[in-house]
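Data first, discussion second: the structure below is written as structure tokens.
2 protein chains.
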Amino acid sequence: MFQEIDNYVSQCIHLTQEELHIFHSLLNVREVRKKSFLLKEGEICNFEAFIVSGCVRSFFIDENGYETILQFAVENWWVSDIASFSEQKPSTIFIEVMDDARIITIDYQSKEELFRQVPKFERLFRLLVQRSLGNLQQRFFASVSQPALERYRSFLDKYPALSQRVPQNQIARYLGISPEFLSKIRKEMFHTKNK
Amino acid sequence: MFQEIDNYVSQCIHLTQEELHIFHSLLNVREVRKKSFLLKEGEICNFEAFIVSGCVRSFFIDENGYETILQFAVENWWVSDIASFSEQKPSTIFIEVMDDARIITIDYQSKEELFRQVPKFERLFRLLVQRSLGNLQQRFFASVSQPALERYRSFLDKYPALSQRVPQNQIARYLGISPEFLSKIRKEMFHTKNK
DNA sequence: CGCGACGTTGATTTGCCTCAACGATTGTGG
DNA sequence: CCACAATCGTTGAGGCAAATCAACGTCGCG
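The following block contains the structure:
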């Protein structure tokens, strides 16, 4: 049941049987279906979710109605709106299930309780957020300094599995370009490759 | 000497006299001059720095030689390359002093020592990184969904003091546009305002 | 079957960049 | 103290990456 998340946690911190037990007692397991939403804009995010199986995406919608995808989350990834969760303020993003998923969540009170009972978890979540920050920084740099073609190449390179699993227009929205333009880029790629 | 940083820290966690003493013993104070570099691309970042006075900027240079500014750091801000620091790997960014500054730094070993002796600091730095992540996320959204004019307006709104203190071409590099284009935007702003 | 989701293609437009030239201001060495 | 170099902002001409809009083909599915 908790095997996957325990594995994940043990990469960062070492826990006793006792501590593990406390941890588990504060978690919830949920099954969620494709096309349902874990979070909508305006709601206060009351969970951090660990994906056991399935696939979800977080995105926001700009004033023109276009989506930009912040994250695809598959097995062994965390997803949440940290700003909304940690400051308990309305969210600016949506989190939607793309493929039926099994997730493990922890709510705000339980997380604070966890920190109180097992302070080691402060370290786990610090490392986790730190890594997210590093990744987002990379992505920010790429989005301002690289043309779409190179960003697409990097994506294929970094997430080969995802590029099979996720529809092309979603990838475009992740890369920050229109689906039409991604199509044109791909055409160009294959064209120049076979020559 | 440590007044500013103590104030900052006490907003997040409460420390005893004893703990405060340990904290101070692990810090270094430095004066750094305009145009000097705290960090260059390729070096391993061995500090997290708290700005007591002065102003520094962190930026990266893309393959065409253009700079993009990640952060301006003034009084009471932290600056570092977290990815490089926390994983002790070569940095991809530069950190340069814009105005003579007094800074307080902590190195990798001292930070780990601090965590060992006063675990509360795990919490402080978790909150700190969490806030950075929230800010960067905002900025990322803006950079893909808003035109330059609105991003400039937001900047003026959010950092009124900085916009006085920092040359215009640096602001352009922060916004991710060319200095020439910012000049044209400004012209447009004043033009439409006075009509 | 027919509908909706997805990908492709072309025509047109646009936001922003690049390059080059030109004042204004500041700083600096002779 | 002047002269000259840097640094900074402005303006214009021309160009390009990517968006928008519209139309069309193709699946898979209720």
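Quick mapping for you: the protein sequence lines, in order, are chains A and B. One point on numbering: in my numbering, the residue at position 76 of the first sequence is 76, and numbering is uninterrupted. One point on numbering: in my numbering, the residue at position 51 of the second sequence is 51, and numbering is uninterrupted. Even glycine gets a Cβ: it sits at the ideal position worked out from N, Cα and C.
Check                                                                                                                       : Outcome
Any chain A beta carbon closer than 8 Å to Gly42 (chain B)                                                                  : no
Span of the beta strand (DSSP E), counted from its first residue to its last, around Leu38 (chain B)                        : 37-39
Close-in-space but distant-in-sequence residues of the same chain around Leu38 (chain B) (CB under 6 Å, 5 per side omitted) : Ile95
Within-8 Å CB hit, Ser143 (chain A) to chain B                                                                              : yes
Straight-line Cα distance separating Asn7 (chain B) from Leu136 (chain B)                                                   : 24 Å
Inter-residue CB distance, Ala49 (chain A) and Thr105 (chain A) (contact presumed, cutoff 8 Å)                              : 5 Å
Residues from the segment 87-116 of chain A in contact with chain B, defined by Cβ distance under 9 Å                       : Glu87, Thr92, Ile93, Phe115
N-terminal and C-terminal residue of the alpha helix (DSSP H) that Gln88 (chain A) is part of                               : Run containing Gln88 (chain A): none; DSSP gives neither H nor E here.
Cβ distance (whole Å) where Cys12 (chain B) is taken to contact Arg116 (chain B) below 8 Å                                  : About 19 Å; that fails the 8 Å criterion.
8 Å contact criterion, which Phe140 (chain A) and Phe140 (chain B) should meet: CB distance rounded                         : 5 Å
Test: Ile82 (chain A) CB closer than 8 Å to a CB of chain B                                                                 : yes
Cβ contact (3+ pairs, closer than 8 Å) linking the segment 143-150 of chain B and the segment 67-75 of chain B              : no
Presumed contact (8 Å Cβ cut-off) between Val52 (chain A) and Arg131 (chain A), rounded CB distance                         : Rounded, the Cβ-Cβ distance is 20 Å, inconsistent with contact.
Neighbour-count burial assignment, Gly54 (chain B), 16 or more Cβ in a 10 Å radius                                          : buried
Closer than 8 Å to chain A by CB, Asp62 (chain B)                                                                           : yes
Gln71 (chain B) in three-state terms, based on DSSP                                                                         : strand
Residue range of the beta strand (DSSP E) that includes Arg50 (chain B)                                                     : What sits at residue 50 (chain B) in the sequence shown is Phe, not Arg. It spans 48-61 - the beta strand (DSSP E) in which Phe50 (chain B) sits, taken as one unbroken run.
Contact under 8 Å by Cβ, Phe47 (chain A) with Ser80 (chain A)                                                               : yes
Span separating the alpha-carbon of Ile171 (chain A) from that of Ser163 (chain A)                                          : 7 Å
Residue-chain proximity (Thr68 (chain A), chain B), Cβ-Cβ < 8 Å                                                             : yes
Phe121 (chain A) classed as buried or exposed, judged by whether at least 16 other C-beta atoms fall within 10 angstroms    : buried
Spatially closest choice to Val97 (chain B) from B:Ser58, B:Leu127, B:Ile185, B:Asn76, by CA coordinates                    : B:Ser58
Chain A within 8 Å of Leu15 (chain B), Cβ atoms only                                                                        : no
DSSP state of Ile93 (chain A) mapped onto helix, strand, coil                                                               : coil
Chain-ordered chain B contacts of Arg126 (chain A) [CB-CB under 7 Å]                                                        : Glu122, Phe125, Arg126, Val129
Where Met1 (chain B) sits in the DSSP three-state scheme                                                                    : coil
Reduced DSSP secondary structure (H/G/I, E/B, other) of Lys195 (chain A)                                                    : Interpretation of Lys195 (chain A) is limited by its pLDDT of 40, a score under 50 that renders its predicted location unreliable; the figure taken from the coordinates is listed afterwards. Reduced to three states, the DSSP call for Lys195 (chain A) is coil.
Selection from A:Ser10, A:Phe2, A:Arg151, A:Ile61 that minimises the alpha carbon distance to Leu128 (chain A)              : A:Ser10
Three-way DSSP call (helix, strand, coil) for Val79 (chain B) in this model                                                 : strand
Beta-carbon proximity check, Phe125 (chain B) vs Tyr108 (chain B), cutoff 8 Å                                               : no
Asp157 (chain A) (DSSP reduced to helix, strand or coil)                                                                    : helix
Through-space distance from Glu43 (chain B) to Pro90 (chain B), alpha-carbon basis                                          : 5 Å
is_contact[Asn194 (chain B), chain A] using C-beta, thresh 8 Å                                                              : Below a pLDDT of 50, predicted positions are generally treated as unreliable, and Asn194 (chain B), at 45, falls in that range; no measurement from the model is reported.
CB of Asn76 (chain A) within 8 Å of CB of Glu31 (chain A), strictly                                                         : no
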